[in-house]
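In my numbering, the protein residues as written are 1 to 205.
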């Protein structure tokens, strides 16, 4: 990743994926485009978010972002073999703290929104049409565009995101590398405790 700022700005656009009734059966490309226009309109007009109201930003992330993940799959992929070794309690604790970590990340992205524009590319579907990848380009007034790819799968008839690739770096792979090092050195309980401490400090439950 070239910079944390690029990562935060880029992850904002996970908000393009919506599970509302109106979009439930929408194809991935149309879903991304339709919801992006809705969400970007809200961001441009919401003075509280523009002023950095953290609680409102967290609430928006909670409502619009996290429900759109296949979160169980993300957690399994991020922990890899450590997920299979974890106890039920550890799995639940990790899911809670990792979810809060993602909310902090996306809330930071929202607070840095500066009217970037987006170009959309046609969705690429797997042969069985159960997986899709939607590529986008975030255009900036200064600096090069940022490539952001969303990988989705159909779960219970609804498209869900389970990975994001930003400038060819996978969110899942990025977190898996960070977490595996901590688990290898200090154990899964240590990772969970550190995530919990950071979430508490940031005021995220």
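Virtual Cβ for every residue (Gly too), placed ideally from N, Cα, C. Just so we're clear, the structure is a prediction, and the values are computed from it rather than from any experiment.
(request) Take residue 101 and list the residues in its own chain whose beta-carbon comes closer than 6 angstroms to its own, dropping the five residues that flank it on each side. (result) 195
(message) Rounding to the nearest angstrom, what Cα-Cα distance links residue 182 and residue 94 in this structure?
(response) 13 angstroms
(request) On a CA-only basis, which of 141, 132 and 170 is nearest residue 153? Give me that one, please. (result) 132
(message) According to DSSP, simplified to helix, strand and coil, what is residue 173?
(response) helix
(request) Put residue 21 into one of helix, strand or coil per three-state DSSP. (result) Note that residue 21 has pLDDT 40, beneath the 50 cutoff, so the model's placement of it is unreliable and no number is given.
(request) Starting from the C-beta of residue 191, find all residues in its chain whose C-beta is less than 8 angstroms away, skip the five residues before and the five after it, and write them out in chain order. (result) 94, 179, 182 and 183
(message) On a Cα-Cα basis, can you pick out the residue from 96, 155, 150 and 186 that is closest to residue 171?
(response) 150
(request) Could you say which of 69, 117, 125 and 175 lies nearest to residue 142 if we only look at CA atoms? (result) 117
(request) May I ask you to report which of helix, strand or coil DSSP gives residue 127? (result) coil
(request) Work out the CA separation of residue 45 and residue 123 for me, nearest whole Å. (result) 29 angstroms
(request) Round the Cβ separation of residue 78 and residue 162 to the nearest angstrom and send it over; I've been treating them as touching at under 8 angstroms. (result) About 10 angstroms; that fails the 8 angstroms criterion.
(message) Assuming the contact rule is C-beta atoms closer than 8 angstroms, residue 136 and residue 119 should be a hit. Round their C-beta distance to whole Å, please.
(response) 7 angstroms
(message) Considering just the uninterrupted stretch of the alpha helix (DSSP H) at residue 71, what are its terminal residues?
(response) 71-79
(message) My assumption, with CB atoms under 8 angstroms, is that residue 68 sits in contact with residue 155. Please give the rounded CB distance.
(response) No, residue 68 and residue 155 are not in contact; Cβ-Cβ is about 11 angstroms, not under 8 angstroms.
(message) What would DSSP say about residue 136, mapped onto helix, strand or coil?
(response) strand
(message) Am I right that residue 92 and residue 188 are in contact with their C-beta atoms under 8 angstroms? What's the rounded C-beta distance?
(response) Not quite, the Cβ-Cβ distance comes to about 12 angstroms (not below 8 angstroms), so this is no contact.
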